[in-house]
Amino acid sequence: MKIIAVGMNYAQHNKELGHTQENSEPVIFMKPDSAILKDGKPFFVPDFSHEVHYETEVVVRICRLGKNIAPRFAHRYYDGVTVGIDFTARDLQRKFREAGNPWELCKGFDNSAAIGTFISLEQAGGDLQNLDFHLDIDGCEVQRGNTADMLFKIDDIIAYVSRFMTLKIGDLLFTGTPAGVGPVSVGQHLQGYLGGEKLLDFHIR
1 MKIIAVGMNY AQHNKELGHT QENSEPVIFM KPDSAILKDG KPFFVPDFSH
51 EVHYETEVVV RICRLGKNIA PRFAHRYYDG VTVGIDFTAR DLQRKFREAG
101 NPWELCKGFD NSAAIGTFIS LEQAGGDLQN LDFHLDIDGC EVQRGNTADM
151 LFKIDDIIAY VSRFMTLKIG DLLFTGTPAG VGPVSVGQHL QGYLGGEKLL
201 DFHIR
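Residues in the sequence shown are numbered from 1 upward in steps of one, following UniProt numbering.
This is how it looks when you write it as structure tokens:
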């Protein structure tokens, strides 16, 4: 399986990070399967970064083999949704970007893709482009978004990515983060919600 992620997919998040350009196509990056963190296991802050940020995202699970998928058929290619965290070594990201280098290492390190429990689209409310989601840290809300605010919709992202690579059963799509990202620290308790349902629950070690 592979993890496909979308960067800069919410305008307010782009603004908070100082990105002023408007992208005409989705910004895609990848995480290896070794990045997966699931089943409520703790996230251990890596020793190579002093500024690891949470980025709360809706995550979609691919359920069919697909290539060159038309947007109008994209909804047939996923069967589950959850909340995830795209952990980012922000200090390394700035360093790599300033040097004009690729920044996979700041996004694809071990356990950098936390995922919650998947639920069906019906359980989530049926409309993938109108889902509320939020993250609590130690019982206080720190980030909230709605998929209606995406710059590139999920079906369009799937169609776009499938032009370049075949989607396979079990692949995961991280769909971008809204404004409100911030650092994590040892001892914190993270809980992610889709609507009112808690799907993600783990600690920082």
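Glycine included, every Cβ here is placed at the ideal spot set by N, Cα and C.
Do you know whose CA, among the options, lies nearest residue i's CA?
i, options, result
"residue 50", "184, 101, 151", "184"
"residue 112", "27, 9, 43", "43"
"residue 115", "85, 16, 131, 135", "85"
"residue 70", "163, 198, 191", "163"
"residue 220", "46, 119, 65", "This structure does not reach residue 220, given that the chain is present from 1 up to 205, and the question cannot be answered."
"residue 161", "67, 39, 126, 23", "67"
"residue 148", "141, 120, 177, 123", "177"
"residue 201", "120, 38, 63", "38"
"residue 198", "108, 96, 139", "139"
"residue 93", "125, 122, 48", "48"
"residue 72", "153, 18, 146", "153"
What distance in whole Å lies between the Cβ atoms of residue j and residue i, which are believed to be in contact at a cut-off of 8 Å?
i, j, result
"residue 10", "residue 159", "Incorrect: roughly 20 Å between the Cβ atoms, too far for contact."
"residue 83", "residue 192", "4 Å"
"residue 3", "residue 41", "Not a contact, Cβ separation roughly 17 Å."
On the DSSP letters alone, give me the boundaries of the beta strand (DSSP E) that residue i sits inside.
i, result
"residue 124", "Counting along the chain, residue 124 falls outside any beta strand (DSSP E), though it belongs to the alpha helix (DSSP H) covering 121-124."
"residue 61", "56-62"
"residue 201", "197-203"
"residue 86", "78-86"
"residue 173", "172-174"
Find out if the Cβ-Cβ distance for the pair residue i, residue j is shorter than 9 Å.
i, j, result
"residue 155", "residue 53", "no"
"residue 172", "residue 60", "yes"
"residue 5", "residue 28", "yes"
"residue 195", "residue 131", "yes"
"residue 169", "residue 65", "yes"
"residue 58", "residue 133", "yes"
"residue 23", "residue 1", "no"
Look up residue i in the DSSP assignment and give the residues it is bridged to.
i, result
"residue 143", "135"
"residue 29", "5"
"residue 37", "114"
"residue 166", "Paired residue(s): none; residue 166 is not in a bridge."
"residue 10", "150"
"residue 193", "134, 198"
CB of residue i to nearest heavy atom of the ligand NAD: below 8 Å?
i, result
"residue 193", "This structure does not include the ligand NAD; it has no bound ligands of any sort."
Over what stretch of residues does the alpha helix (DSSP H) that includes residue i continue unbroken?
i, result
"residue 127", "No alpha helix (DSSP H) contains residue 127, which DSSP labels as neither H nor E."
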